[in-house]
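Visitor: These protein sequences, in sequence, are chains A and B.
Be aware that the first sequence starts at 1, since it is given in the numbering used here, and climbs by one per residue.
Be aware that the second sequence starts at 290, since it is given in the numbering used here, and climbs by one per residue.
Let me begin by handing over the structure; questions about it come next.
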Amino acid sequence: MCSGCAAPIIVRQALKSIRGPTVVVNATGCLEVATTIYPYTSWRVPWIHVAFENAAAVASGIEAAFKALTKRGCLKEKIDIIAFGGDGGTFDIGIQALSGALERGHDFVYICYDNEAYMNTGIQRSGSTPHGAATTTSPAGTVIPGKPEWKKDIVGIAAAHGIEFVATASPAYWSDYIAKVRRAIEVDGPAFIHVIQPCILGWRFNSNEAIKIARLAVQTRFFPIYHVEKGQYKLDIKIPKPLPVEEYLKPQGRFRHLFTPEFKGEIEKIQAWVDANWARICQLAGEKI
Amino acid sequence: MAKVIGLTGDHAIAYAAKQCDVDVVAAYPITPQTIIVERFSDYVANGEVKTEYVCVESEHSAMSACVGASTTGARVFTATSSQGLALMHEILYIASSLRCPIVMAVVNRALSAPINIHCDHSDMMGSRDCGWIQLYSENAQEAYDLTIQAFKIAEDPEILLPVTVNLDGFIISHCMEGVNVISDEEVRKFLPPRKAVYKLDPANPITIGALCFTDYYFEIKFQQEDVMKKVPAKVKEVGEEFGKITGRSYGLIETFGLEDAEVAVMCLGSTAGTARVVADKLRKSGKPVGVIKVRLYRPFPTQEIVEAVKGLKALTVLDRVATSGAPSGPLCSDVKTALYAETEKPLITNVIYGLGGRDISPENLEDIFNDALRTADVGRVDRPIKYVGVRE
Chain A
1 MCSGCAAPII
11 VRQALKSIRG
21 PTVVVNATGC
31 LEVATTIYPY
41 TSWRVPWIHV
51 AFENAAAVAS
61 GIEAAFKALT
71 KRGCLKEKID
81 IIAFGGDGGT
91 FDIGIQALSG
101 ALERGHDFVY
111 ICYDNEAYMN
121 TGIQRSGSTP
131 HGAATTTSPA
141 GTVIPGKPEW
151 KKDIVGIAAA
161 HGIEFVATAS
171 PAYWSDYIAK
181 VRRAIEVDGP
191 AFIHVIQPCI
201 LGWRFNSNEA
211 IKIARLAVQT
221 RFFPIYHVEK
231 GQYKLDIKIP
241 KPLPVEEYLK
251 PQGRFRHLFT
261 PEFKGEIEKI
271 QAWVDANWAR
281 ICQLAGEKI
Chain B
290 MAKVIGLTGD
300 HAIAYAAKQC
310 DVDVVAAYPI
320 TPQTIIVERF
330 SDYVANGEVK
340 TEYVCVESEH
350 SAMSACVGAS
360 TTGARVFTAT
370 SSQGLALMHE
380 ILYIASSLRC
390 PIVMAVVNRA
400 LSAPINIHCD
410 HSDMMGSRDC
420 GWIQLYSENA
430 QEAYDLTIQA
440 FKIAEDPEIL
450 LPVTVNLDGF
460 IISHCMEGVN
470 VISDEEVRKF
480 LPPRKAVYKL
490 DPANPITIGA
500 LCFTDYYFEI
510 KFQQEDVMKK
520 VPAKVKEVGE
530 EFGKITGRSY
540 GLIETFGLED
550 AEVAVMCLGS
560 TAGTARVVAD
570 KLRKSGKPVG
580 VIKVRLYRPF
590 PTQEIVEAVK
600 GLKALTVLDR
610 VATSGAPSGP
620 LCSDVKTALY
630 AETEKPLITN
640 VIYGLGGRDI
650 SPENLEDIFN
660 DALRTADVGR
670 VDRPIKYVGV
680 RE
C-alpha cells in the first residue's frame, strides 16, 4: 500500500475483532492489489478475490456452501465471513450484488472502506466522492468546482434493507470501530460497516496524517459516527463543539480550489450540507442537535 | 434400477442435478432455462434435497456465488441462457481460471437484439473461449446423462474445470420425452461426494484469486491450456464408465453412416437427430451420406474429427449462430483449422441456419445433403457460406 495508507489499519483493526475461524472476501481494489501479489500474500486467513463488483455475491455463495456442508456434517465449526470492498465496489458497480445479498439475509459482515474515489487507477469520481472534491473525472476547472453532486447515503441504503446492524466508523476512533466489527460478526445475518479511509494519493495530504484527517472528518461532523440497530439510529460519537468544515477541507489537495476567489461560496454550501446531514441523523437518533 | 419417465429437457437436467446431490445451486431464472430452477426449487421446498438454493438477483451474482461456493469444496450447479450467460461472461473466465468445477446447464437461446427467446447457439459461442469444458446434448436423454457425467469430469482432481451442458432452447428444454433414468444409488455410486484438494479452509489458509503480473500470468494461462489436453481422454473415460451402468456410452463425437459415406453433415445439438433421419432415408435410396455430431466442443476434439472426415469428398458444417463479419461460423472455422495441415481433406461448405428458433426441416436437410453431393461431384465449393431457411 502507499506509505501511511489507512486501509491496512482498517483491516488490521477489523481482524482484531474476529471471534473464530474467518474467511475474507475482497473486492478488486487497492487492498486486493497490494496485499496479494502472486506468489506472495499478506493474509493468514483463507482469502478470496473474484472481481470488482461481486464481493457480496461471492460471500453469499460461500455462506450457502458452509451451511450445506454443515448440514451434511462435513463442517463442524462456524466460520465467519468478512467482505471488504472499496467505495467503487460498494457504492457504484457493486451495489446490486450488495443489495441482493442483504435482502437474502446471508450471514456475513460487509466492510466498505471508503476513500471516496477510484484511487488505484488514477483518482476517478465515484458515487461516494463528496461535493466539491476534484478527481480526474470530476476535475476542478475554471467553471465547475470539482464534483457537482453530493455523496450517496450508503448507510441509509443498507439500513433500508431492514438488516439488523449498520454502522459508520473511523479508524481514528478505533475502539468504537473494533466494537462495531465484533457486534457485526455476532449478528445472525448480514451486517454493514461504512469506514472512512483517507487516501494520501487521492486526497493529497501528508503521509503521516491519515488518522488525523480521519479524526477531523468526525470532529467537523463531516463523517458522523453512528449505527442503526434493528432500525433504530444511535449517535455514537457526539460532537458538541464541532470544528468548522474548513478545518477538514484545508489540509486536502482535492479541495484546494475551493479556497480560491472563483469558487467563493462552495465551502458555505458544504458546511450547510454537513449541518443538514448532522441534523437529519440527530433527528433519526432522537438527539438534540 | 433404470426406469423410463416422461421429462422435458429442463426437467431432466433438474432431476439429474437432484440425483447428483448438489450442495449449492445459485441461479436466476431466464427463459427457456426457467423450468430447471423451478423444478429444483420444488425439490428444495419439499425437502427432497439437502441443497442450499440461493435465488440471486442476477446471473452475474449467480456465477459469482457459484465461484464462492465452489472454492469451499462444495458441489455446485447452476443454469442459464442467452442474456443471462452474456451477463455472466466476466465471471465465466474467473470460474475456469480459479479451477472451480461448477456444472452449468446452458439452454441455448438467441441473443438480443431483436429480443428472441428461441434456440440458437449464439449465447454459448459468444463465450466459447472462456476456459470451460463444453458439451452439447441432442435430446433430453443426453441432457440427463451428460449432466451426471459433467460433475465427474469437472471434479476430477486431474481436471478441475467447469463444464457446460448445452441443450437447445424449447426444442429440447420444453419437449417431453421418455427419459431413461437410473436410481439415486447408482448415481451416488458413479459420482461419490466431491473431495476438494484446494479450498477455503481456516485450518490451512490459502489465498485464492491473487494478483498476477507479467511474471506469472502467462504461465497460469498456459496451465489452463495444458489441462485442456487431458480433457478429451477424461470425457471419453467417464462416458464409457457411464455406458457400463446404463448401456449408453458416450464419446467425443458421434457418427452415422460414415464408413462408406462420400459426403457428410456436421452439427451440434438437436439438429443431429433430424440429420440422422434424413441421412438414413437418403442412404436407403443409395446416396452415400453420413452425419457427424460433435458432443465435446471445447476442448475441440481435433484428432477425432480429422479421423472421422478421412475419405469424405465433401463436408457441410452447420452453424446455428450469427457471427457477424466472421469468415465462417465457429464450428466451421474450427473444423477448417483442424484440417488445414492435412494433405487430403474434404471440400468444406458452411451452412448458417435456424437463428432465433427458425425451424430446420427434413426437407432443408435433404437439400443440404444434395448440395453436398453436387459439390463432391463438381469437385469445388461454389458458395463457402450459405444461409438456409432465411428469406434473402
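The beta carbon of each residue, even a glycine, is placed where N, CA and C say it ideally should be.
As the structure is a computational prediction, the values presented were derived from the model and not from experiment.
Thinking B:VAL333 and B:THR323 are a contact (beta carbons under 8 angstroms), I'd like their distance in whole angstroms, please.
Guide: Between B:THR323 and B:VAL333 the Cβ distance is about 15 angstroms, and since that is not below 8 angstroms, they are no contact.
Visitor: Since A:GLN232 is in the beta strand (DSSP E), which residue starts that stretch and which ends it?
Guide: Counting along the chain, the beta strand (DSSP E) containing A:GLN232 begins and ends at 232–235.
Visitor: Within the continuous beta strand (DSSP E) that includes B:GLY233, where are the two ends?
Guide: Nothing about residue 233 of chain B can be read from this structure; chain B reaches only from 290 to 681.
Visitor: Does chain A have any CB closer than 8 angstroms to the CB of B:TYR505?
Guide: yes
Visitor: Just how far apart, CA to CA, sit B:ASP515 and B:GLU508?
Guide: 10 angstroms
Visitor: Suppose the cutoff is 8 angstroms on Cβ atoms and the five residues either side in sequence are ignored; what does the same chain contact list for B:VAL595 look like?
Guide: Result list for B:VAL595: ALA627, LEU628 and GLU631, in chain order.
Visitor: For B:LYS518 and B:GLU447, which I take to be in contact (beta-carbon distance under 8 angstroms), what is that distance rounded to the nearest angstrom?
Guide: So it is not a contact: roughly 11 angstroms between Cβ atoms.
Visitor: Would B:ALA627 pass as an interface residue toward chain A - the criterion being a Cβ-Cβ separation below 8 angstroms?
Guide: Look at B:ALA627: its C-beta is not under 8 angstroms from any C-beta on chain A.
Visitor: So which of B:GLU444, B:ILE406, B:ILE497 and B:ALA597 has the shortest CA-CA distance to A:PRO46?
Guide: The candidate whose alpha carbon is nearest that of A:PRO46 is B:ILE497.
Visitor: Kindly indicate which residue of A:VAL143, A:ALA65 and A:ILE62 has the alpha-carbon position closest to the one of A:THR260.
Guide: A:VAL143
Visitor: Is the Cβ-Cβ distance between A:LEU249 and A:LEU258 less than 8 angstroms?
Guide: Result yes, Cβ atoms of A:LEU249 and A:LEU258 sit closer than 8 angstroms.
Visitor: Can you tell me which residues form a DSSP beta bridge with B:ARG587?
Guide: B:GLN423
Visitor: To the nearest angstrom, how far is the alpha carbon of B:ILE581 from that of B:ARG672?
Guide: 21 angstroms
Visitor: Alpha carbon to alpha carbon, how far is B:SER385 from B:PRO588? Give it in angstroms, no decimals.
Guide: Straight-line Cα distance between these residues: approximately 13 angstroms.
Visitor: Take B:ILE325 and list the residues in its own chain whose beta-carbon comes closer than 7 angstroms to its own, dropping the five residues that flank it on each side.
Guide: Same-chain partners within the cutoff: ASP299, ILE302, ALA303, ALA368 and ALA394.
Visitor: Going along the chain, which residues of the stretch 51–85 of chain A sit with their C-beta nearer than 7 angstroms to a C-beta in chain B?
Guide: ALA51, ASN54, ALA57, VAL58, ALA59, SER60, GLY61, ILE62, ALA64, ALA65, PHE66, LYS67, ALA68, LEU69, LYS71, ARG72 and ILE79
Visitor: Determine the DSSP secondary structure at A:ILE123, reduced to helix, strand or coil.
Guide: A:ILE123 sits in coil when the DSSP states are folded into three classes, being neither helix nor strand.
Visitor: At 4 residues or longer, and completely inside the stretch 374–433 of chain B: list those alpha helix (DSSP H) runs for me, N to C.
Guide: 411–415
Visitor: Our contact map puts A:SER128 next to A:ASP114 with C-beta atoms below 8 angstroms; I'd like the distance itself, whole angstroms only.
Guide: 5 angstroms
Visitor: Measuring only between beta-carbons, confirm whether A:GLU186 sits less than 8 angstroms from chain B.
Guide: no
Visitor: Compare the C-alpha of A:ILE18 against each of A:HIS161, A:PHE205 and A:ILE82 and name the closest.
Guide: A:ILE82
Visitor: Cα separation between A:GLY156 and A:GLN232?
Guide: When the Cα atoms are used, A:GLY156 and A:GLN232 turn out to be separated by approximately 12 angstroms.
Visitor: Can you list the residues of chain A that B:ASP490 reaches, using a CB-CB cut of under 7 angstroms?
Guide: PRO46
Visitor: Would you mind stating whether A:GLY89 and A:THR168 have Cβ atoms separated by less than 8 angstroms?
Guide: no
Visitor: Does the separation of the CB atoms of A:LYS67 and A:GLU164 fall below 8 angstroms?
Guide: Not a contact, by the Cβ cut-off of 8 angstroms.
Visitor: Output the distance between the C-alpha atoms of B:SER347 and A:GLY94, rounded to the nearest integer angstrom.
Guide: 12 angstroms
Visitor: What residue from B:TYR586, B:GLY579 and B:GLU652 has the CA that sits closest to B:GLY600's CA?
Guide: B:GLY579
Visitor: Name the two residues that bound the continuous beta strand (DSSP E) containing A:TRP47.
Guide: Under the DSSP assignment, A:TRP47 falls in the beta strand (DSSP E) whose first and last residues are 47–49.
Visitor: Tell me the residue span of the beta strand (DSSP E) that contains B:GLY643.
Guide: Going by DSSP, B:GLY643 is part of no beta strand (DSSP E) at all; its letter is neither H nor E.
Visitor: Applying the 10 Å Cβ sphere with the 16-neighbour rule, what's the burial state of B:THR664?
Guide: The residue in question, B:THR664, is buried, as its Cβ has 16 or more Cβ neighbours within 10 Å.
Visitor: Could you compute how far the alpha carbon of A:VAL245 sits from the alpha carbon of A:GLU266?
Guide: 11 angstroms
Visitor: Please state if the CB of B:ILE637 and the CB of B:VAL677 are separated by a distance shorter than 8 angstroms.
Guide: If you check the CB distance, B:VAL677 and B:ILE637 do not come in under 8 angstroms.
Visitor: Does B:CYS501 have its Cβ less than 8 angstroms from a Cβ in chain A?
Guide: yes
Visitor: For B:ASN653, which residues in the same chain have their Cβ closer than 8 angstroms to its Cβ, ignoring the five residues on either side in sequence?
Guide: TYR642, VAL677 and GLY678
Visitor: What are the complete beta strand (DSSP E) segments, minimum 3 residues, inside the stretch 80–129 of chain A?
Guide: 80–86 and 109–114
Visitor: Looking at C-beta atoms only, is the number of pairs between the stretch 455–465 of chain B and the stretch 401–413 of chain B that lie closer than 8 angstroms three or more?
Guide: Yes, they touch.
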